[in-house]
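Each remark here refers to the structure printed beneath this line.
2 protein chains.
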Amino acid sequence: MRLPIGFRAGATQAGIKPSGRPDLALLVSGMPCAWAFVGTLNRAAAPCVLRGRELLASGQPLQAVVVNAGNANCATGEAGFWADRRMAELAAERLQLAPESVLTGSTGVIGQPLPLEKVAAGLPRIQLGPEANPFVEAIMTTDLVPKLAEATLSSGARVVGVCKGSGMIAPNMATMLAYIVSDAAVPQEELRRGWKGVVDRSFNQVTVDTDTSTNDMAVLMANGAAGPVDLEEFWEAVERVAVELARKLARDGEGATKLLTVRVTGAINDAEARKAALAVAASPLWKSALYGNDPNWGRIMMALGKAGVAFQVDRVRIALQGILLYDGRVLEFDRAQASQAMRAEEVLVEADLGLGEGQGMAWGCDLTEEYVRINALYTT
Amino acid sequence: MRLPIGFRAGATQAGIKPSGRPDLALLVSGMPCAWAFVGTLNRAAAPCVLRGRELLASGQPLQAVVVNAGNANCATGEAGFWADRRMAELAAERLQLAPESVLTGSTGVIGQPLPLEKVAAGLPRIQLGPEANPFVEAIMTTDLVPKLAEATLSSGARVVGVCKGSGMIAPNMATMLAYIVSDAAVPQEELRRGWKGVVDRSFNQVTVDTDTSTNDMAVLMANGAAGPVDLEEFWEAVERVAVELARKLARDGEGATKLLTVRVTGAINDAEARKAALAVAASPLWKSALYGNDPNWGRIMMALGKAGVAFQVDRVRIALQGILLYDGRVLEFDRAQASQAMRAEEVLVEADLGLGEGQGMAWGCDLTEEYVRINALYTT
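Sequences listed follow chains A and B, in order.
So for the first sequence, our numbering puts the first residue at 1; every next one is plus one.
So for the second sequence, our numbering puts the first residue at 381; every next one is plus one.
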């Protein structure tokens with residue numbers, strides 16, 4: 001996928017991943033970018049996330065991103081903070097930029113020193129080009145497929161997004177990293193005002209196993225090369241790209257055989273609708289039933305009930321693949337037919353709480369024996 | 381296990397469980413009991429839980445408990461509330477008590493009408509005796525073993541507890557039910573003052589899959605038949621029984637091959653320590669590593685970091701089966717030896733947050749392929 005005007009990317013095999021696959025990547029804009037950033041809430045946040053927050057607070061524009069896979073550089077003490085700063089400096093030297101305009105990212109195993117000499121040796125070998133694919137392929141860990149999405153605005157400006165995750169490979173703990181770049185001209189205050197909401201409605205509504213990585217970040221950059229745009233159209237495009245990436249993350253969840261989409265309506269507000277949708281998408285019992293094609297709506301009800309949102313059991317309506325299963329009371333339905341409808345690449349759960357106008361979506365996947373095997377058996 | 385003085389119990393096969401196993405049970409005191417009650421926070425709480433809260437609010441003593449397994453009588457509409465009241469009335473008739481002195485409990489599949497005629501036909505057949513076992517065997521669903529625990533005070537007064545759960549069987553959603561009875565004389569205000577804290581340190585610290593049942597309840601009854609007791613000793617005995625039951629619940633978690641005990645110290649208070657311990661016990665990634673005997677302490681760190689408690693990564697110490705793995709910095713350790721130490725019926729994780737005096741425990745189990753199979757494949 002071609003990057004927006006002014007952006008280039010590239011990657012190399014630095015030897016950080018034991019597999020020898022590409023593991024060090026650069027994403028660069030020819031001119032300074034307005035940018036916005038959301039980092040993990042995990043209190044064991046890695047140096048790259050903490051540094052990203054500092055850069056954000058400085059108010060300076062951003063011009064490049066350097067990311068390594070195979071090592072999370074997390075829980076590595078003072079040396080880890082130094083290594084993270086050094087990685088930014090090395091990338092800045094390679095690109096002839098100031099270190100403060102380079103954002104770092106790391107993903108992989110926790111608690112092992114980052115092999116800086118491999119980063120230093122790899123950076124000069126990176127060839128930059130107009131395609132996003134080498135970048136996204138190098139930041140993959142247990143991802144089965146690279147995840148990209150794009151949108152074009154009526155002015156011709158483009159929005160291109162890439163992400164990796166939420167796969168995990170023991171003993172590695174991989175992470176969600178998302179980078180969305182655009183050649184639209186959007187002021188930094190506007191980018192920062194809107195980004196958190198987009199993340200809340202896309203990446204924050206994805207769940208594979210409820211575990212929060214220490215290295216997650218979602219970054220939005222706009223370099224203005226394609227000129228000014230209609231802001232409403234811009235945000236629609238960004239959200240479309242973010243949601244498409246979020247769905248791809250969920251579908252590529254470890255061991256997943258299908259994508260789960262949950263749409264909640266009738267909540268007292270949008271935030272409660274998203275919370276309820278996420279509770280269904282995260283429930284191990286419902287995820288197991290989804291895997292087994294079992295239209296066991298009692299587990300959807302249980303998950304809605306434990307979500308901590310305003311809720312009345314006799315106001316709820318639950319539909320699965322368009323088949324109404326509960327309507328404030330127990331309904332007769334054809335279990336075999338409902339089970340058959342669940343044998344699909346994508347399964348839709350719709351729940352109307354019957355209390356207000358709030359609505360929200362969440363994305364997840366089924367819980368399979370393969371998830372357990374990936375995270376338990378193929379390790380030591 | 382013999383019940384305390386004045387208590388009798390019994391059960392019968394009423395035909396509610398498809399398996400034909402015992403499924404209707406009574407627990408009765410010869411005299412009114414002081415009692416305390418904690419019910420599920422799931423907002424789809426079943427009629428039996430809501431009725432229990434009403435009885436509690438009335439301030440009246442309790443004298444009997446009637447429980448059915450095989451049907452949760454949840455999300456069954458107005459008819460469900462009527463069926464629950466009727467079950468209490470039928471039990472009260474059988475025992476010649478007032479319905480307001482009989483607590484109901486139901487566990488099993490959600491969203492199917494309770495077969496009241498089977499309850500009505502079964503109740504007269506129940507023979508009451510001094511043993512707790514028939515009662516606990518009748519309230520089991522996917523439990524592999526009956527769970528009982530007891531303690532004796534220096535005065536000779538006894539505390540006997542039984543519980544079921546946290547197994548689930550598709551399409552059933554089973555629940556955690558716990559009943560602890562004593563012949564100690566303890567005023568009702570005192571029972572209610574202390575019970576919530578005991579539940580918070582025992583049953584609320586057990587996690588099998590993070591899903592909260594709609595029918596959970598934990599009940600404490602004291603009939604005074606053995607006379608007054610030292611209250612401190614009484615609460616110690618009750619907590620010992622509750623913790624033993626909690627550990628048995630965790631060990632009998634669906635598909636579990638081992639019991640996980642997490643002890644957190646050095647938190648800023650006990651509540652934060654319990655929260656952090658529970659986050660580790662509930663993490664699917666750590667539970668998978670536990671199954672695979674993988675001493676992947678990065679996942680313990682990740683779970684502590686996401687728990688939402690005061691936390692500094694360089695103050696943390698993590699030990700697994702007594703082997704120190706992290707001490708504010710990455711340590712060298714023998715992975716093969718640590719993995720070997722995890723091949724045990726019970727695995728202990730100790731984490732010291734290094735910030736204060738708070739401490740707490742949580743209990744869980746490993747996540748296995750069998751958990752997924754039980755909840756996905758053996759269903760429709």
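C-beta atoms are modelled at their ideal positions from N, C-alpha and C, and glycine is treated no differently.
The model shown is predicted, which means the values in this text are computed figures rather than measured ones.
For Pro-134/A, the first and last residue of its enclosing alpha helix (DSSP H)
Locating residue 134/A in the first sequence gives position 134, where the first residue counts as 1. 133-139 is the span of the alpha helix (DSSP H), which, as asked, contains Pro-134/A.
Within a Cβ cutoff of 6 Å, which residues of the same chain sit near Ala-157/A, ignoring the five residues on either side of it in sequence?
What you label residue 157/A is simply residue 157 of the first sequence in a count that begins at 1. For Ala-157/A, where only same-chain residues beyond five positions count, the Cβ hits under 6 Å are Asp-183, Ala-184, Ala-226, Val-229.
Are the Cβ atoms of Gly-39/A and Asp-216/A separated by less than 9 Å?
In the first sequence, the residue the question calls residue 39/A occupies position 39. In the first sequence, the residue the question calls residue 216/A occupies position 216. Result yes, Cβ atoms of Gly-39/A and Asp-216/A sit closer than 9 Å.
Under DSSP, the alpha helix (DSSP H) around Met-301/A begins and ends at which residues?
In the first sequence, residue 301/A corresponds to position 301, counting from 1. First-last of the alpha helix (DSSP H) with Met-301/A: 297-305.
Cutting at 6 Å between CB atoms, please list the residues of its own chain near Phe-81/A, excluding the five before and the five after it.
The count along the first sequence starts at 1 and reaches residue 81/A at position 81. Cβ within range, chain order: Pro-47.
Bridge partner(s) assigned by DSSP for Tyr-326/A
The residue given as residue 326/A occupies position 326 in the first sequence. According to DSSP, which records beta bridges pairwise, Tyr-326/A is partnered with Ile-318/A, Val-330/A.
Whole angstroms is fine: what's the gap from Leu-557/B's alpha carbon to Thr-214/A's?
As a working note, residue 557/B is residue 177 in the second sequence. As a working note, residue 214/A is residue 214 in the first sequence. Approximately 36 Å between the Cα atoms of the pair.
Would Arg-43/A and Val-693/B qualify as a contact pair, given that the criterion is a beta-carbon distance under 9 Å?
In the first sequence, the residue the question calls residue 43/A occupies position 43. In the second sequence, the residue the question calls residue 693/B occupies position 313. Yes, the pair counts as a contact, with Cβ atoms nearer than the cut-off.
Taking 9 Å as the CB-CB cut-off, is Lys-686/B touching chain A?
Residue numbering aside, residue 686/B sits at position 306 when the second sequence is read from its first letter. Closer than 9 Å: yes.
Comparing alpha-carbon positions, which option in Ala-756/B, Ile-680/B, Ala-721/B lies nearest Leu-733/B?
As a first step, residue 733/B is located in the second sequence; it is residue number 353 there, counting from the start. When each option's Cα is compared against that of Leu-733/B, the closest is Ile-680/B.
Let me check understanding here. Comparing Cα to Cα, which of Ser-535/B, Asp-523/B, Glu-725/B, Pro-567/B lies closest to Val-542/B?
Translated into positions along the second sequence, residue 542/B becomes position 162. When only C-alpha atoms are compared, the closest one is Asp-523/B.
Coarse secondary structure for Met-173/A, derived from DSSP in three states
As a first step, residue 173/A must be located in the first sequence, where it is residue number 173. Because the pLDDT of Met-173/A is 43, which lies under 50, any placement of that residue in the model is unreliable, and the number read from its coordinates should be weighed accordingly. Correct three-state label for Met-173/A: strand.
Who are the neighbours of Phe-691/B on chain A, taking C-beta pairs under 8 Å?
Residue numbering aside, residue 691/B sits at position 311 when the second sequence is read from its first letter. Within chain A, the residues near Phe-691/B are Arg-43, Ala-44.
Please name the residues in the segment 349-366 of chain A whose beta-carbon is closer than 9 Å to at least one beta-carbon of chain B, in chain order.
Under the 9 Å Cβ criterion, the segment 349-366 of chain A contributes Asp-366.
Closer than 9 Å to chain A by CB, Thr-759/B
Taking the first residue of the second sequence as position 1, residue 759/B is located at position 379. The pLDDT assigned to Thr-759/B is 48, lower than 50, so where the model puts this residue is not dependable, and the model offers no usable value.
If contact is defined by three or more beta carbon pairs under 8 Å, each pair taking one atom from either stretch, is the segment 714-721 of chain B in contact with the segment 699-706 of chain B?
yes
Does any residue of chain B have a CB that is nearer than 9 Å to the CB of Ala-170/A?
In the first sequence, counting from the first residue as 1, residue 170/A sits at position 170. Residue placement at Ala-170/A cannot be trusted, given a pLDDT of 31 that sits under 50; the coordinates are not used to answer.
Terminal residues of the alpha helix (DSSP H) in which Asp-366/A lies
One-based indexing of the first sequence puts residue 366/A at position 366. It is not in any alpha helix (DSSP H) - Asp-366/A carries neither H nor E in the DSSP assignment.
Close beta carbons around Val-579/B, own chain, < 6 Å, minus the five adjacent residues each side:
Position 199 of the second sequence holds residue 579/B. Val-418, Ala-598, listed in sequence order.
Quick one: which chain A residues come within Cβ less than 8 Å of Gln-492/B?
Taking the first residue of the second sequence as 1, we reach residue 492/B at position 112. Ordered by position in chain A, the residues that pass the 8 Å Cβ test against Gln-492/B are Val-330.
CB of Leu-33/A within 9 Å of CB of Gly-255/A, strictly
Stepping through the first sequence from its first residue, residue 33/A is reached at position 33. Stepping through the first sequence from its first residue, residue 255/A is reached at position 255. In the sequence under discussion, the amino acid at residue 33/A is Cys, which differs from the Leu named in the question. No, the pair does not count as a contact, with Cβ atoms beyond the cut-off.
Closer than 7 Å by C-beta to Asn-293/A: which residues in its own chain qualify, once you throw out the five before and the five after it? Chain order, please.
Counting from one through the first sequence, the residue named residue 293/A turns up at place 293. Contacts found: Ser-339, Met-342, Arg-343.
Check Arg-43/A in the structure and name its three-state DSSP category.
In the first sequence, residue 43/A corresponds to position 43, counting from 1. Of the three classes helix, strand and coil, the one that applies to Arg-43/A here is coil, per DSSP.
If we count the other Cβ atoms within 10 Å of its Cβ and call it buried at 16 or more, is Met-361/A buried or exposed?
The residue given as residue 361/A occupies position 361 in the first sequence. The residue is buried, with at least 16 neighbouring Cβ atoms inside 10 Å.
Neighbour-count burial assignment, Thr-456/B, 16 or more Cβ in a 10 Å radius
The residue labelled residue 456/B in the question sits at position 76 within the second sequence. Flag for Thr-456/B reads buried.
Output, in sequence order along the chain, the residues in the segment 671-684 of chain B whose CB is closer than 8 Å to any CB in chain A.
Tyr-671, Gly-672, Asn-673, Asp-674, Pro-675, Asn-676, Trp-677, Gly-678, Arg-679, Met-681, Met-682, Ala-683, Leu-684
Apart from the five residues on each side of it in sequence, which residues of its chain come closer than 7 Å, Cβ to Cβ, to Ala-11/A?
In the first sequence, counting from the first residue as 1, residue 11/A sits at position 11. The residues are Pro-22, Leu-24, Ala-25, Ile-126, Pro-134, Phe-135, Glu-137, Ala-138.
Burial state of Met-31/A (16 or more Cβ within 10 Å):
Within the first sequence, residue 31/A is the residue found at index 31, counting from 1. The residue is exposed, with fewer than 16 neighbouring Cβ atoms inside 10 Å.
Exposed unless 16 or more other CB atoms sit within 10 angstroms - verdict on Gly-253/A:
Against the first sequence, residue 253/A aligns to sequence position 253. Label assigned to Gly-253/A: buried.
Measure the C-alpha to C-alpha separation of Arg-627/B and Gly-744/B and round it to an integer number of angstroms.
For the purposes of this step, residue 627/B is identified with residue 247 of the second sequence, where counting begins at 1. For the purposes of this step, residue 744/B is identified with residue 364 of the second sequence, where counting begins at 1. When rounded, the distance between both Cα atoms is 8 Å.
Using a Cβ cut-off of 9 Å (strictly closer), state whether Ala-218/A contacts chain B.
Position 218 of the first sequence, counting from 1, holds the residue named residue 218/A. Closer than 9 Å: no.
Would you say Glu-244/A lies against chain B (beta-carbon separation less than 9 Å)?
Locating residue 244/A in the first sequence gives position 244, counting from the first residue. Chain B contact via Cβ: absent.
Validate contact between the segment 84-100 of chain A and the segment 52-69 of chain A using beta carbons, cut 8 Å, 3 pairs:
yes
Own chain residues within Cβ distance below 6 Å of Val-262/A, not counting five before or after
Taking the first sequence and counting its residues from 1, the one referred to as residue 262/A is at position 262. These residues qualify, in order along the chain: Ala-277, Val-280, Ala-281, Val-349, Ala-362.
Locate the alpha helix (DSSP H) running through Lys-196/A, then write down its first and last residues.
The residue you call residue 196/A lines up with position 196 of the first sequence. Start and end: 188-201.
For Arg-192/A, the nearest candidate out of Leu-62/A, Ala-289/A, Ala-36/A (CA to CA)
By one-based count along the first sequence, residue 192/A stands at place 192. Here the closest residue by C-alpha is Ala-36/A.
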